[in-house]
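Numbering (UniProt numbering), first residue to last: 1 to 281.
Where a beta carbon is used, it is the ideal one built from N, C-alpha and C, also for glycine.
Presented below is the structure to which this report refers.
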């Protein structure tokens, strides 16, 4: 039984390797790594999980509560959800009318944080209900992909908008290649400001299982890659290291994972991970 539970956890998260970080002992209730396993309060933590990226988009608190009740009844202990959703300023009126969940509004090279009832307060409630139901959360900071769904009354409130590509188009210009997100200092700083907002908001919560740097980060996305997308360039691995070090300075206790699929552009695919990340997907 124990073996099957652990296997299920590894398959769910797509874990290929678990690395030991140099973190200090975490507070009570925090998840961490020890050797080749997860632990909470010094005890082995095996789990069944779910990829529930859509949870913060639910506009009804009752829907959120009932979802968590069903997860708890099913034995789910960890879920992964997305801590990002952004719109352009020209889309604000439509977002307000549709009750869309959004955390950032882009206008020019800057974004405005939405800390209101259609913004981070909805994510607050997801984290709150997860904790109330004994479920931990992997929180993802941005997305490699632009999401385009056909207009439909059902879809209008269930849509995640562009992640990385909004950063690159607003800050570096419409013609910027996708990998500019990882290399432009202005974009990295803007990403870190948003990450800092979320980390400082939830860093004291044992409900957070881990911070995830990005969903499926790659040198290429829905926009093409540029000259940095070549084997051995280090474009992604250097970005992973910079961002994990940044988060570790803000929060020495929670785990960090890349959220990647192995698109590192390494010349040697067996290069070991650096200590800043607790496991690789």
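Rank the options by C-alpha distance to the C-alpha of residue i and give the top, closest one.
i: residue 222; options: 39, 244, 52, 164; result: 164
i: residue 194; options: 103, 109, 169, 241; result: 103
i: residue 235; options: 253, 53, 180; result: 180
i: residue 140; options: 30, 35, 243; result: 243
i: residue 26; options: 91, 50, 206; result: 206
i: residue 290; options: 121, 107, 53; result: This structure gives no information on residue 290, because the portion of the chain shown stretches from 1 to 281.
i: residue 53; options: 237, 226, 214; result: 214
i: residue 192; options: 51, 68, 249; result: 249
i: residue 257; options: 232, 227, 209; result: 209
i: residue 262; options: 245, 278, 237; result: 237
i: residue 146; options: 131, 124, 162, 200; result: 162
i: residue 199; options: 130, 211, 78; result: 211
i: residue 278; options: 68, 36, 125; result: 36
i: residue 204; options: 251, 60, 225; result: 251
i: residue 197; options: 247, 30, 60, 45; result: 247
i: residue 228; options: 30, 182, 190, 216; result: 182
So residue i is in the beta strand (DSSP E); what residue range does that whole segment cover?
i: residue 136; result: 136-140
i: residue 211; result: 208-212
i: residue 282; result: Residue 282 is absent from the structure shown; the chain starts at 1 and stops at 281.
i: residue 40; result: 37-40
i: residue 91; result: Unbroken run through residue 91: none, as it is neither H nor E.
i: residue 166; result: Per DSSP, residue 166 belongs to no beta strand (DSSP E); it is in the alpha helix (DSSP H), 164-167.
i: residue 111; result: 110-113
i: residue 116; result: Neither: residue 116 is in no beta strand (DSSP E) and is coded neither H nor E.
i: residue 50; result: 48-51
i: residue 106; result: 104-107
i: residue 31; result: 31-34
Buried or exposed for residue i, please, with buried defined as at least 16 other CB atoms from any protein chain shown within 10 angstroms of its CB.
i: residue 112; result: exposed
i: residue 2; result: Reliability fails at residue 2, whose pLDDT of 36 lies under 50, so the model's placement of it is uncertain and the value that follows must be treated cautiously. Result: exposed.
i: residue 56; result: buried
i: residue 96; result: exposed
i: residue 259; result: buried
i: residue 99; result: exposed
i: residue 32; result: buried
i: residue 134; result: exposed
i: residue 105; result: buried
i: residue 150; result: Annotation note: pLDDT 44 at residue 150 (below 50); position unreliable, coordinate value reported separately. Exposed, since its Cβ has fewer than 16 Cβ neighbours within 10 Å.
i: residue 152; result: Summary for residue 152: the model assigns pLDDT 42, below 50, so the residue's position carries little reliability; its value from the coordinates is reported in the next sentence. Exposed, because fewer than 16 other Cβ atoms sit within 10 Å of the Cβ of residue 152.
i: residue 218; result: buried
i: residue 63; result: exposed
i: residue 254; result: buried
i: residue 93; result: exposed
i: residue 121; result: exposed
i: residue 232; result: exposed
i: residue 168; result: buried
Can you give me the start and stop residues for the alpha helix (DSSP H) that residue i sits inside?
i: residue 197; result: 185-202
i: residue 122; result: 120-132
i: residue 299; result: As displayed, the chain neither begins before 1 nor continues past 281, which places residue 299 out of reach and without an answer.
Run the proximity test for residue i: is its beta-carbon closer than 7 Å to any non-hydrogen atom belonging to the ligand MG?
i: residue 167; result: Absence of the ligand MG from the depicted structure is noted, as is the absence of any ligand whatsoever, leaving it without description.
Using a Cβ-Cβ distance under 8 Å, would residue i count as near chain B?
i: residue 75; result: Of the protein chains in the structure, only one exists, and it is not chain B.
At least 3 beta-carbon pairs within less than 8 Å: the segment 112-124 vs the segment 165-178: no
Complete runs of the beta strand (DSSP E) confined to the segment 56-90 [at least 3 residues]: 76-82, 86-88
Inter-stretch contact at 8 Å, needing at least 3 Cβ pairs: the segment 79-94 / the segment 37-47: no
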